[in-house]
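Notes to accompany the following structure.
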Amino acid sequence: MFALIDANNFYVSCERVFNPKLAHVPMVVLSNNDGCVVARSNEVKALGVKMGTPWFQLRELAETHGIRAFSSNYSLYADMSSRMMNVLAVYSPDQEVYSIDECFLGLAGFGNHDLAAYGQRMRTQVRQWLGLPVCVGFGETKTLAKLANHCAKKNLAGRDGVCDLTQLSQTERSGIFAALPVNEVWGVGRRLTEQLNQRRILTVEDLRTANPETLRKAFSVVLERTVRELNGIACQSLESVAPNKQQIMSSRSFGTYVYDLPGLGEAVAVYMARAAEKLRRQGSLAGIVQVYIRTNPFKDNAPQYHPSLSIPLPEATDDTARLIRAAQWGLKRIYKPGFAYQKAGIALLDLSPQANAQIPLFASTPDRHSLMQVMDRINATFGRGSLRSAAEGMQQSWRMKRERMSPAYTTQWDELPGVG
DNA sequence: CTATAACTCTCAA
DNA sequence: CTAACGTTGAGAGTTATAG
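Throughout the first sequence, residue numbering follows the working numbering, covering 339 to 758 in sequence.
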């Protein structure tokens with residue numbers, strides 16, 4: 339038995355907690371660089387605005403309906419998220435934090451309880467303690483719990499934001515599933531929906547009753563598992579401890595186009611510093627550095643260029659300076675003048691545990707572990723970028739746009755209204 | 001020829 | 001005033017390459 343708890347319009351709801359006047363105001367939260375819509379209030383959804391719509395395309399609609407837009411304030415959302423996870427953790431010994439706004443709870447042995455009432459308690463407590471609206475779904479598998487959550491949100495089964503599929507007979511479930519399009523199933527995206535529809539699999543019920551072996555042959559083992567999960571056979575277990583990353587990426591679009599190598603070099607250094615910090619936090623070393631830059635793919639009259647390069651390191655490392663040097667070495671090789679670059683990114687690949695580090699065959703400058711440790715500690719105490727590599731630059735004129743940002747209410751004293 | 005590396009595609013939030 | 005379209009990570013399957 340699983341529960342899936344998911345916040346409603348999470349980023350929008352976080353903004354409203356600290357600015358209650360925004361309740362019922364049509365509003366959106368924008369992606370990095372104030373680019374696309376990534377969260378919509380119900381009022382905006384009702385206007386037909388799709389997830390991922392570029393903000394500039396909404397100007398007219400926004401003006402006529404008074405839609406308010408906010409830059410995404412990740413320090414606020416991350417903090418609210420961790421508070422929410424802490425509240426929910428008390429409801430089960432097993433919790434999997436699946437994303438910033440949702441978690442699974444493992445409910446083995448809860449079979450005899452009134453799950454719907456249990457879900458209501460979660461909802462009430464999260465609402466009281468945090469001011470956030472959430473919905474709760476229960477099912478025998480993670481896929482069913484996800485689907486139950488969707489039913490709760492749409493008021494298709496259950497009531498008041500909670501849906502317990504486990505209490506329904508197969509006939510009752512089939513009735514609900516037959517009314518749900520197949521793309522509502524976790525793991526069925528745009529492409530798969532297209533191909534399933536061609537095979538006359540249109541609804542969740544069509545998929546549930548399809549032959550798993552046939553689908554495995556035609557598609558993949560993933561889809562086979564999904565079909566079994568829809569039938570109550572658990573193929574996915576709860577992952578309560580997040581495994582270490584196998585790759586770490588950092589990339590960002592620029593606030594304005596960058597044309598020259600020094601500008602790109604700064605950006606690459608900043609992204610690498612972030613990635614290296616994550617790398618050290620999980621106690622890994624990177625064996626390969628990848629770097630890429632690209633022009634704006636949406637500007638079809640401009641010349642396009644999107645090169646990338648992998649740089650194998652002589653020894654795996656977590657030393658920021660070494661990693662930056664490798665990335666910039668690669669950048670120099672792929673850079674060509676005459677293009678308007680819109681984005682740069684780096685990746686750390688071939689990660690291995692620090693404990694298994696190989697002793698270098700050829701003597702070279704040792705990694706500066708204690709320096710890295712001090713740097714991480716200073717930045718943890720005084721804020722990101724307090725101590726940084728000179729390669730990251732001072733002006734950073736390429737930095738992303740965030741022109742509509744709300745204060746970091748829960749993590750920065752000086753951003754609180756009325757605090758000097 | 002086979003095992004692995006590297007890359008592509010899809011999906012998720 | 002004009003131009004303006006996200007980020008990170010995983011897994012499966014396919015293709016390229018090394019030995």
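Where a beta carbon is used, it is the ideal one built from N, C-alpha and C, also for glycine.
Source: prediction; values computed, not measured.
| Asked | Found |
| --- | --- |
| Range of the contiguous beta strand (DSSP E) that encloses F720 | Where F720 is concerned, there is no enclosing beta strand (DSSP E), although the alpha helix (DSSP H) it sits in stretches over 707 to 720. |
| Given L482 as reference, the closest of G469, G404, R563, I405 once Cα atoms are compared | R563 |
| CB contact flag (P471, A345, <8 Å) | yes |
| Boundaries (first-last residue) of the alpha helix (DSSP H) holding K383 | 380 to 384 |
| Rounded Cβ spacing between R663 and H644 (contact assumed at less than 8 Å) | With a Cβ gap of about 23 Å, R663 and H644 do not count as contacting. |
| Under the three-state DSSP convention, the category L651 falls into | strand |
| Beta bridge counterpart(s) of P691 as assigned by DSSP | S622 |
| Spatially closest choice to Q620 from G570, K583, G593, by CA coordinates | K583 |
| Between the CA atoms of S420 and I343 - distance to the nearest angstrom | 14 Å |
| DSSP state of E434 mapped onto helix, strand, coil | strand |
| Minimum length 3: unbroken beta strand (DSSP E) runs contained in the stretch 588 to 640 | 622 to 633 |
| Residue from V608, Q466, P635 whose Cα sits closest to the Cα of V425 | Q466 |
| Beta carbon of C599 nearer than 8 Å to that of V627 | For the record, residue 599 in the displayed sequence is Leu; it is not Cys. Against a cut-off of 8 Å, the Cβ pair of V627 and L599 comes out as no contact. |
| Reduced DSSP category for I539 - H, G, I as helix; E, B as strand; rest coil | coil |
| 8 Å Cβ cutoff met for E741 and D372 | yes |
| For S622 and R473, the rounded distance between their alpha carbons | It is worth fixing the name first, because residue 473 is Cys in this sequence and not Arg. C-alpha separation (whole angstroms): 37 Å. |
| For Y673, the nearest candidate out of Q642, E398, A495, I514 (CA to CA) | Q642 |
| Counted within 10 angstroms of its Cβ, other Cβ atoms place K681 as buried (16 or more) or exposed | buried |
| Residue ranges of each alpha helix (DSSP H) within the stretch 502 to 569, 4 or longer | 508 to 516, 528 to 536, 542 to 546, 550 to 556, 559 to 568 |
| M423: first and last residue of the uninterrupted alpha helix (DSSP H) it sits in | 412 to 427 |
| Segment limits, alpha helix (DSSP H) that includes A455 | 453 to 468 |
| Integer-rounded CB distance, given that F476 should sit under 8 Å from G499 | Not confirmed; about 12 Å, so no contact. |
| The stretch 533 to 545 contacting the stretch 500 to 509, beta-carbon criterion three pairs below 8 Å | no |
| Whole-number beta carbon distance between L443 and Q433, since they are thought to touch under 8 Å | 6 Å |
| Classification of K484 by the beta-carbon crowding that lies within 10 angstroms, buried from 16 upward | buried |
| A332 classed as buried or exposed, judged by whether at least 16 other C-beta atoms fall within 10 angstroms | Any answer about residue 332 is impossible in this case: the structure gives the chain only from 339 up to 758. |
| G475: first and last residue of the uninterrupted beta strand (DSSP E) it sits in | 472 to 477 |
| Identity of the residues DSSP links to G683 by a beta bridge | S589, Y630 |
| Proximal residues to R612 (C-beta, below 6 Å), its chain only, five neighbours per side dropped | S588 |
| Assigned exposure category for D656 - 16 Cβ within 10 Å defines buried | buried |
| Own chain, CB closer than 7 Å to G496, minus 5 neighbours either side, in chain order | A454, C489, A490, D502 |
| Run of the alpha helix (DSSP H) containing L669, from where it starts to where it stops | 658 to 672 |
| Status (buried if at least 16 other CB within 10 Å, exposed otherwise) for L530 | buried |
| C-beta contact flag for Y307 and I684 at 8 Å | Residue coverage of the chain in this structure runs from 339 to 758, which leaves residue 307 outside it and unanswerable. |
| Collapsed DSSP secondary structure at L754 in the structure displayed | coil |
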